[in-house]
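Going by our numbering, the first residue of the sequence shown is number 1196, and it counts up by one from there. For every residue, glycine included, the Cβ atom is placed at its ideal position computed from N, Cα and C. Just so we're clear, the structure is a prediction, and the values are computed from it rather than from any experiment. Take a look at the structure below.
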Amino acid sequence: MIIDAHIHYGDDHPDFLALLDREALKLLNICVAHVDNEWSDWYGQAERYRMLTEQLPQRFAWCTTFDLPRFDDPNYVDDVIAQLDRDFDAGAVACKVWKNVGMEVKTPDGDFFMVDDPLLDPIFEHIAKRGRTLLTHIAEPLACWQPLDENNPHYGYYSRNPQWHMYNRPEFPSHERLMDARDHMVEKHPALRVVGAHFGSLEYDVDAVATRLDRYPNFAVDISARLLDIAIQDSDKVRQFFIDYADRILFGTDVVMRTPLSSMDDVTRSHALQTLKEVYQMHFAYFERSDMVTVRGRSTRGIDLPGDVLTKFYRTNAETWYPGLT
Ligand SMILES: [Zn+2]
């Protein structure tokens, strides 16, 4: 079995379930509490992911999240803890905190609300006490703070989502400040397991990830949505990094389901599932092969990981870092 430890795909269409069976995949579906867009109702995501996990525990697990701060509500922390207890009791193996913490939410005095804010301490301590894991998506790729560059893996995203592009916007926190806040939070809660999504937002250099893994034994990373960032680095260096930190890196894709499969016609659905399958094949090729492979249109040499390292990366690390997942 292979565990995709970071995905947003809450569907139970028979064709999709058949694909999961064929590929022997289990998915960890992640809830995200956006401020205002089509996902604003994260309770809806939670309900869908919880039900799928209940119905098909061999194929699905789920990660909850929590409401963004209500600074004028004295019950906020207690309410979040009660909600987390309900979700953990209902099988959630982790809790996610998203990039709007650090980059969007502001404190009453007008500064950006950081993930190491003392307001969150009792929440994070509670997650640790319950033996669950915190998944953090803090900050963005470094390219977010750099001029648009067509060769950068994130060019498409920032050209389409200028509201998240922070180049030349000094009123927003820097990448360094956000990383410092995340590191400080990890350091403050040594009993809390923290998984840094998207290669811990240090996708530009495996050495930057290694520095944090050396410093914080309670920290691991998933590779979700950062395959190309990794693949454009030196293949020998990346291979050695994956071997040196074999217990600390989790496989994940970050595929987002935008339209339920059941609302697609047959042709569109089979195309969507073919695309999903190709995403997995692209990942497997890079990690398993030793010849030239294509990652999102770019040619690079596969890193041919040893079998025991692959087993940890594809499955065991997810089970270790998210107890209760299998
Ligand atoms: Zn995600």
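Selection from the options that minimises the alpha carbon distance to residue i
{"i": "Y1271", "options": "T1495, F1283, D1316, F1307", "result": "D1316"}
{"i": "I1333", "options": "D1503, A1376, F1283, R1484", "result": "A1376"}
{"i": "D1236", "options": "T1248, V1416, G1286, F1261", "result": "F1261"}
{"i": "R1327", "options": "F1367, V1288, T1448", "result": "V1288"}
{"i": "S1369", "options": "F1508, D1442, W1340, E1473", "result": "W1340"}
{"i": "R1254", "options": "D1199, Y1362, E1299, W1293", "result": "D1199"}
{"i": "D1306", "options": "E1366, E1483, D1267", "result": "E1366"}
{"i": "T1489", "options": "A1426, M1459, E1382, R1364", "result": "A1426"}
{"i": "F1266", "options": "V1300, K1432, A1403, E1514", "result": "V1300"}
{"i": "P1252", "options": "Y1238, I1225, V1227, G1286", "result": "G1286"}
{"i": "A1403", "options": "R1510, Y1440, M1196", "result": "Y1440"}
{"i": "E1473", "options": "E1218, D1311, H1201, Q1250", "result": "E1218"}
{"i": "L1329", "options": "V1390, H1360, P1303, P1269", "result": "V1390"}
{"i": "D1499", "options": "G1492, R1491, F1508", "result": "F1508"}
{"i": "K1492", "options": "D1424, L1468, V1450", "result": "Note that residue 1492 is Gly in the sequence shown here, rather than Lys. The shortest C-alpha separation from G1492 is found at D1424."}
Buried or exposed (CB count within 10 angstroms, at least 16 for buried), residue i
{"i": "L1343", "result": "exposed"}
{"i": "G1497", "result": "buried"}
{"i": "P1501", "result": "exposed"}
{"i": "V1401", "result": "buried"}
{"i": "A1277", "result": "exposed"}
{"i": "T1331", "result": "buried"}
{"i": "N1347", "result": "buried"}
{"i": "Q1240", "result": "buried"}
{"i": "P1209", "result": "exposed"}
{"i": "Y1350", "result": "exposed"}
{"i": "S1354", "result": "exposed"}
{"i": "E1371", "result": "exposed"}
{"i": "I1362", "result": "This sequence places Tyr at residue 1362; Ile is not what is there. Exposed."}
{"i": "M1487", "result": "exposed"}
{"i": "M1309", "result": "buried"}
Expected contact under 8 Å - CB spacing of residue i and residue j to nearest Å
{"i": "N1295", "j": "H1229", "result": "7 Å"}
{"i": "V1504", "j": "F1437", "result": "6 Å"}
{"i": "H1478", "j": "L1520", "result": "Wrong, their Cβ atoms sit about 19 Å apart, outside the cutoff."}
{"i": "D1282", "j": "T1248", "result": "Wrong, their Cβ atoms sit about 11 Å apart, outside the cutoff."}
{"i": "A1445", "j": "W1516", "result": "Here residue 1445 is Leu; the residue named in the question, Ala, does not match the sequence. Contact holds; Cβ gap of about 6 Å."}
{"i": "S1419", "j": "T1463", "result": "That belief does not hold up - the Cβ atoms of S1419 and T1463 are roughly 25 Å apart, past 8 Å."}
{"i": "V1297", "j": "L1373", "result": "According to the sequence shown, residue 1297 is Gly rather than Val. Between L1373 and G1297 the Cβ distance is about 5 Å, and since that is below 8 Å, they are a contact."}
{"i": "V1381", "j": "N1356", "result": "Between N1356 and V1381 the Cβ distance is about 27 Å, and since that is not below 8 Å, they are no contact."}
{"i": "H1379", "j": "A1323", "result": "The Cβ separation is near 16 Å, so there is no contact."}
{"i": "S1430", "j": "E1335", "result": "No, S1430 and E1335 are not in contact; Cβ-Cβ is about 25 Å, not under 8 Å."}
(request) Could you tell me which uninterrupted alpha helix (DSSP H) segments, each at least 4 residues in length, are contained entirely in the stretch 1263-1312, listed from first to last along the chain? (result) 1271-1284, 1295-1298
(message) Ignoring anything shorter than 4 residues, give me the alpha helix (DSSP H) runs that lie fully in the stretch 1308-1394, in order along the chain.
(response) 1316-1324, 1350-1355, 1370-1383
(message) Please give the ranges of any beta strand (DSSP E) in the stretch 1479-1504, keeping only runs that are unbroken, at least 3 residues long and fully inside the region.
(response) 1487-1490, 1493-1496
(request) Could you tell me which uninterrupted alpha helix (DSSP H) segments, each at least 4 residues in length, are contained entirely in the stretch 1380-1459, listed from first to last along the chain? (result) 1392-1395, 1401-1410, 1422-1426, 1430-1439
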